[in-house]
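There are 2 protein chains.
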Amino acid sequence: MSIFSTPCIVKRMAVAPKAQSASTAAPKGRGRRGARASGDDRERAILETAERLLEERPLSEISVDDLAKGAGISRPTFYFYFPSKDAVVLTIVDRLVADAGGSREEIITALADGGPQAGFRVGLENLYAAFRARPGVVRAGTDLRATNQEARELWAQVMEGWVADVTAVIEAERARGAAPPGLPARDLAIALVQMNERAQYATLLDESPSLEADRVLDVLIDVWLRAIYGTAEPKP
Amino acid sequence: MSIFSTPCIVKRMAVAPKAQSASTAAPKGRGRRGARASGDDRERAILETAERLLEERPLSEISVDDLAKGAGISRPTFYFYFPSKDAVVLTIVDRLVADAGGSREEIITALADGGPQAGFRVGLENLYAAFRARPGVVRAGTDLRATNQEARELWAQVMEGWVADVTAVIEAERARGAAPPGLPARDLAIALVQMNERAQYATLLDESPSLEADRVLDVLIDVWLRAIYGTAEPKP
DNA sequence: GACTCTATCAACACTGTGTCGAGTAAGTCA
DNA sequence: TGACTTACTCGACACAGTGTTGATAGAGTC
Numbered sequence: 058m059s060i061f062s063t064p065c066i067v068k069r070m071a072v073a074p075k076a077q078s079a080s081t082a083a084p085k086g087r088g089r090r091g092a093r094a095s096g097d098d099r100e101r102a103i104l105e106t107a108e109r110l111l112e113e114r115p116l117s118e119i120s121v122d123d124l125a126k127g128a129g130i131s132r133p134t135f136y137f138y139f140p141s142k143d144a145v146v147l148t149i150v151d152r153l154v155a156d157a158g159g160s161r162e163e164i165i166t167a168l169a170d171g172g173p174q175a176g177f178r179v180g181l182e183n184l185y186a187a188f189r190a191r192p193g194v195v196r197a198g199t200d201l202r203a204t205n206q207e208a209r210e211l212w213a214q215v216m217e218g219w220v221a222d223v224t225a226v227i228e229a230e231r232a233r234g235a236a237p238p239g240l241p242a243r244d245l246a247i248a249l250v251q252m253n254e255r256a257q258y259a260t261l262l263d264e265s266p267s268l269e270a271d272r273v274l275d276v277l278i279d280v281w282l283r284a285i286y287g288t289a290e291p292k293p
Numbered sequence: 058m059s060i061f062s063t064p065c066i067v068k069r070m071a072v073a074p075k076a077q078s079a080s081t082a083a084p085k086g087r088g089r090r091g092a093r094a095s096g097d098d099r100e101r102a103i104l105e106t107a108e109r110l111l112e113e114r115p116l117s118e119i120s121v122d123d124l125a126k127g128a129g130i131s132r133p134t135f136y137f138y139f140p141s142k143d144a145v146v147l148t149i150v151d152r153l154v155a156d157a158g159g160s161r162e163e164i165i166t167a168l169a170d171g172g173p174q175a176g177f178r179v180g181l182e183n184l185y186a187a188f189r190a191r192p193g194v195v196r197a198g199t200d201l202r203a204t205n206q207e208a209r210e211l212w213a214q215v216m217e218g219w220v221a222d223v224t225a226v227i228e229a230e231r232a233r234g235a236a237p238p239g240l241p242a243r244d245l246a247i248a249l250v251q252m253n254e255r256a257q258y259a260t261l262l263d264e265s266p267s268l269e270a271d272r273v274l275d276v277l278i279d280v281w282l283r284a285i286y287g288t289a290e291p292k293p
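Here it is as structure tokens:
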């Protein structure tokens with residue numbers, strides 16, 4: 058388990074198009090493929106429309122009809138591909154989260170080479186970069202948690218993954234004597250990961266108050282290092 | 058400006074019943090009062106119904122009809138008292154936030170007597186206690202920010218108030234030599250206040266991951282003290 | 001040429017919001 | 001006392017959005 062790895066996103070039933078569900082699951086390699094070509098296009102068109110619209114306005118102002126129109130189909134046809142608007146957003150968020158979890162070798166290298174400061178910075182930078190590119194999607198995912206149990210579960214799973222990674226790093230640093238004992242490692246990890254979530258979200262959406270985009274990582278890392286090592290300049 | 062004071066909540070137009078708006082604003086002391094008695098009852102009944110239902114289920118599962126029925130009136134009559142469901146929730150959240158901001162003498166006393174640890178603890182305890190009593194209202198207020206600009210502004214104002222207070226305390230502690238220099242005080246305050254918001258919300262709603270209710274304050278205060286003073290046991 | 005499977009949509013049923021206009025009841029004033 | 005005002009109430013409507021049904025068309029298969 059390495060730092061900031063993505064906890065292997067679930068293939069959720071709710072987002073699978075009805076077309077694929079169970080029906081003759083096994084055979085037909087190409088015939089199916091050919092028949093599905095148009096269908097795959099539509100599905101992609103819906104997802105692309107949603108991504109585009111989400112950068113223009115909030116999820117609550119986007120209707121199923123908007124998504125259908127954007128994909129060049131009627132509203133009932135939309136329901137052939139997705140069971141609901143929420144399912145579209147969950148699919149998109151799933152992918153974003155998967156993207157954000159990538160590139161861990163880079164982090165491991167940074168941890169080994171540059172010590173904890175560099176390691177944490179690279180980890181947080183990667184995460185932040187992935188989300189910063191699509192603030193609309195981040196916002197939609199967050200908004201969705203207000204009404205959608207599945208969205209809450211997905212995000213809880215992501216958070217648990219990060220917390221587990223950070224807990225492991227804190228324990229390792231304490232074991233090798235680099236960090237002093239203190240709060241239970243998991244408690245500290247939870248508080249720090251939650252701080253990051255909230256602070257980065259606020260910055261991403263330019264809330265008030267929020268940290269400036271070009272300073273947010275410096276501030277967060279400073280708090281992390283002080284909370285974990287007792288100083289902002291721990292030795293490698 | 059003292060720590061954790063409530064930044065004087067605005068009287069928002071949107072929540073004022075139509076009945077009061079402008080129309081013959083000045084005269085008639087008692088006649089008006091008598092005539093309004095029943096109306097005040099209704100208004101209170103709506104607010105009480107909303108508070109009750111919000112502890113039972115989320116805002117998205119409560120309709121205007123539910124509120125009207127609960128208050129013993131028809132749906133159109135509801136609109137005589139409030140312009141929308143959101144306005145009801147904003148009124149309730151307003152009051153909760155005002156409650157949470159009270160009792161500052163206690164905090165000032167604690168800051169003076171017990172030093173920063175006690176001061177911060179009393180401040181955070183008061184806040185947390187006010188919110189913990191009505192998690193449904195907290196959740197509704199939070200959920201509302203997804204769709205309602207006014208809810209976002211109200212919360213932004215509350216956060217700004219806390220950040221301003223914490224910034225002032227950090228600067229004071231640095232000025233008297235109790236805290237070392239470091240990050241810009243406001244940046245640090247933003248990060249810490251955001252951490253608290255997120256962590257306390259998660260604990261309140263028993264999210265996963267979240268800190269245990271009986272440990273959340275200990276954990277947060279430890280991080281605060283380390284981030285501000287460089288140690289979890291600053292001298293008074 | 002019947003059969004199947006994917007894909008499509010008009011029309012419908014339903015839920016929830018917010019408005020309109022017609023009331024009633026109680027108080028005010030000429 | 002009786003016309004007038006004000007607070008309050010709600011049936012009926014218009015509208016927006018969701019999700020379903022059932023009929024149908026085309027492409028591929030046997």
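Those protein sequences? They're chains A and B, same order as listed. Count along the first sequence from 1, add 57, and you get the number used in the working numbering. Count along the second sequence from 1, add 57, and you get the number used in the working numbering. Glycine residues also receive a C-beta, built at the ideal position from the N, C-alpha and C atoms.
Distance, Cα to Cα, THR106 (chain A) vs THR134 (chain A)?
To locate residue 106 (chain A), count along the first sequence from 1; it is residue 49. To locate residue 134 (chain A), count along the first sequence from 1; it is residue 77. Looking at the two C-alpha atoms, the distance is approximately 15 Å.
Within 8 Å of any Cβ in chain B, is that where the Cβ of VAL280 (chain A) sits?
Reading the first sequence from its first residue, position 223 is the one you call residue 280 (chain A). True, the Cβ-Cβ gap to chain B drops below 8 Å.
Which same chain residues end up closer than 6 Å to ALA208 (chain A) when comparing Cβ atoms and leaving out the 5 residues on each side of it in sequence?
Here residue 208 (chain A) refers to the residue found at position 151 when the first sequence is read from its first residue. Closer than 6 Å at the Cβ level, and outside the excluded window around ALA208 (chain A), lie LEU201 and ARG202.
For GLU254 (chain B), does the count of other Cβ atoms within 10 angstroms reach 16, so buried, or fall short, so exposed?
Indexing the second sequence from 1 puts residue 254 (chain B) at position 197. The residue in question, GLU254 (chain B), is buried, as its Cβ has 16 or more Cβ neighbours within 10 Å.
Closer than 7 Å by C-beta to PHE177 (chain B): which residues in its own chain qualify, once you throw out the five before and the five after it? Chain order, please.
Along the second sequence, one-based indexing puts residue 177 (chain B) at 120. Contacts found: ILE278 and TRP281.
Can you tell me whether TRP281 (chain B) is helix, strand or coil according to DSSP?
Looking up residue 281 (chain B) in the second sequence gives position 224. Three-state result, TRP281 (chain B): helix.
Got a sec: is the Cβ-Cβ distance from ARG272 (chain A) to anything in chain B below 8 Å?
For the purposes of this step, residue 272 (chain A) is identified with residue 215 of the first sequence, where counting begins at 1. Chain B, which has a Cβ nearer than 8 Å to the Cβ of ARG272 (chain A), makes this yes.
Looking only at its chain, what residues have a beta carbon closer than 6 Å to the beta carbon of ALA187 (chain B), apart from the 5 residues adjacent to it on each side?
Working through the second sequence from its first residue, we reach residue 187 (chain B) at position 130. The answer, listed in chain order, is ASP156 and ALA157.
Answer yes or no: do ILE165 (chain A) and ASN183 (chain A) have a C-beta to C-beta separation smaller than 8 Å?
For the purposes of this step, residue 165 (chain A) is taken as the residue at position 108 of the first sequence. For the purposes of this step, residue 183 (chain A) is taken as the residue at position 126 of the first sequence. Against a cut-off of 8 Å, the Cβ pair of ASN183 (chain A) and ILE165 (chain A) comes out as no contact.
To be precise: take each residue of the stretch 259-271 of chain A, compare its Cβ to all Cβ atoms of chain B, and keep it if any distance is under 9 Å. Which residues remain?
Of all residues in the stretch 259-271 of chain A, ALA259, GLU264, SER265, PRO266, SER267, LEU268 and GLU269 have a Cβ within less than 9 Å of some Cβ in chain B.
Along the alpha helix (DSSP H) that carries GLY127 (chain A), what are the first and last residues, could you check?
For the purposes of this step, residue 127 (chain A) is identified with residue 70 of the first sequence, where counting begins at 1. Counting along the chain, the alpha helix (DSSP H) containing GLY127 (chain A) begins and ends at 121-127.
Just the C-alpha distance for ALA102 (chain B) and VAL146 (chain B), rounded to the nearest angstrom, thanks.
What you label residue 102 (chain B) is simply residue 45 of the second sequence in a count that begins at 1. What you label residue 146 (chain B) is simply residue 89 of the second sequence in a count that begins at 1. Each residue's Cα considered, the two are about 13 Å apart.
How about ARG178 (chain B): is its C-beta nearer than 8 Å to some C-beta of chain A?
Numbered from 1 along the second sequence, position 121 holds the residue referred to as residue 178 (chain B). Taking Cβ atoms only, chain A never reaches closer than 8 Å to ARG178 (chain B), which makes this a no.
Answer yes if the stretch 117-127 of chain B comes into contact with the stretch 135-144 of chain B, meaning at least three C-beta pairs across the two stretches below 8 Å, and no otherwise.
Touching, per the Cβ criterion.
What residue range is occupied by the uninterrupted alpha helix (DSSP H) comprising LYS142 (chain A)?
Position 85 of the first sequence, counting from 1, holds the residue named residue 142 (chain A). From DSSP, the alpha helix (DSSP H) with LYS142 (chain A) extends over 142-157.
Using a Cβ-Cβ cut-off of 7 Å (strictly less than) and excluding sequence neighbours within five positions of ILE130 (chain B), which residues of its own chain qualify?
Within the second sequence, the letter at position 73 stands for residue 130 (chain B). Excluding sequence neighbours, ILE130 (chain B) sits near ARG99.
Since ILE149 (chain A) meets chain B, which of its residues come closer than 9 Å, beta carbon to beta carbon?
Position 92 of the first sequence holds residue 149 (chain A). Neighbours of ILE149 (chain A) on chain B: none; closest Cβ ~17 Å, over 9 Å.
Classify GLY234 (chain A) as buried or exposed, calling it buried when 16 or more other Cβ atoms lie within 10 Å of its own Cβ.
If you number the first sequence from 1, residue 234 (chain A) lands on position 177. Label assigned to GLY234 (chain A): exposed.
How is SER265 (chain A) classed by DSSP in three states: helix, strand or coil?
Against the first sequence, residue 265 (chain A) aligns to sequence position 208. Looking at SER265 (chain A) - three-state DSSP - the assignment turns out to be coil, as it is neither helix nor strand.
Extract the residue ranges of the alpha helix (DSSP H) inside the stretch 211-268 of chain B, only unbroken runs of 4 or more that lie entirely within it.
List check, alpha helix (DSSP H) in window: 242-261.
So with Cβ pairs under 8 Å, would you call VAL220 (chain B) a contact of chain A?
Position 163 of the second sequence, counted from the first residue, corresponds to residue 220 (chain B). Output row for VAL220 (chain B): interface = yes.
Kindly give me the distance between the Cβ atoms of THR288 (chain B) and GLY287 (chain A), rounded to whole angstroms, as I take these residues to be in contact under 8 Å.
Along the second sequence, one-based indexing puts residue 288 (chain B) at 231. Along the first sequence, one-based indexing puts residue 287 (chain A) at 230. Sure, about 7 Å apart at Cβ, within 8 Å.
Who are the near neighbours of GLU290 (chain B) in its chain, counting only those whose CB is closer than 6 Å to its CB and skipping five residues on each side?
Here residue 290 (chain B) refers to the residue found at position 233 when the second sequence is read from its first residue. Answer for GLU290 (chain B): no residue qualifies.
Based on Cα-Cα distance, which residue from B:PRO115, B:ALA225, B:VAL276 and B:LEU274 lies nearest to THR199 (chain B)?
Locating residue 199 (chain B) in the second sequence gives position 142, counting from the first residue. Looking at the Cα atoms, B:PRO115 is the closest of the given residues.
Alpha carbon to alpha carbon, what distance is there between ALA259 (chain A) and GLU314 (chain A)?
Because chain A is modelled from 58 through 293, residue 314 (chain A) falls outside the range shown and cannot be assessed.
By the three-class DSSP mapping on this structure, what secondary structure does ALA270 (chain A) have?
As a working mapping, residue 270 (chain A) is identified with position 213 in the first sequence. Of the three classes helix, strand and coil, the one that applies to ALA270 (chain A) here is coil, per DSSP.
For GLU290 (chain A) and chain B, any beta-carbon pair shorter than 8 Å?
On the first sequence, position 233 is the one that residue 290 (chain A) refers to. False, the Cβ-Cβ gap to chain B never drops below 8 Å.
For SER117 (chain B) and chain A, any beta-carbon pair shorter than 8 Å?
Within the second sequence, numbered from 1, the residue matching residue 117 (chain B) stands at position 60. Yes, contact with chain A.
What residue range is occupied by the uninterrupted alpha helix (DSSP H) comprising PRO133 (chain B)?
The residue given as residue 133 (chain B) occupies position 76 in the second sequence. Where PRO133 (chain B) is concerned, the enclosing alpha helix (DSSP H) stretches over 132-138.
Between the C-alpha atoms of GLY193 (chain A) and ARG272 (chain A), what's the straight-line distance to the nearest angstrom?
As a working mapping, residue 193 (chain A) is identified with position 136 in the first sequence. As a working mapping, residue 272 (chain A) is identified with position 215 in the first sequence. Distance between the alpha carbons of GLY193 (chain A) and ARG272 (chain A) is about 21 Å.
Looking at the structure shown, is THR288 (chain A) part of a helix, part of a strand, or coil, going by DSSP?
Working through the first sequence from its first residue, we reach residue 288 (chain A) at position 231. If DSSP states are grouped into helix, strand and coil, THR288 (chain A) belongs with coil.
Short of 7 Å in beta carbon distance, which residues of its chain neighbour ALA284 (chain A), apart from the five on each side in sequence? Order them along the chain.
Locating residue 284 (chain A) in the first sequence gives position 227, where the first residue counts as 1. Only LEU245 and LEU249 meet the Cβ criterion.
Under a CB-based cut-off of 8 Å, is VAL276 (chain B) close to chain A?
Counting from one through the second sequence, the residue named residue 276 (chain B) turns up at place 219. Yes, contact with chain A.
Which residue wins for smallest C-alpha separation from GLY239 (chain A), given the options B:GLU230, B:MET252, B:ASP275 and B:ARG243?
Position 182 of the first sequence, counted from the start, is the residue given in the question as residue 239 (chain A). Answer by Cα proximity: B:ASP275.
Just confirm the distance between the C-beta atoms of VAL154 (chain A) and VAL223 (chain A), as a whole number of angstroms; I'd bet it's less than 8 Å.
Residue mapping note: residue 154 (chain A) aligns to position 97 of the first sequence, counting from 1. Residue mapping note: residue 223 (chain A) aligns to position 166 of the first sequence, counting from 1. That pair is no contact at about 17 Å.
Using beta carbons (cut-off 8 Å, strictly below), is GLY239 (chain A) in contact with chain B?
Your numbering for residue 239 (chain A) matches position 182 in the first sequence. Closer than 8 Å to some Cβ of chain B, the Cβ of GLY239 (chain A) qualifies, so yes.
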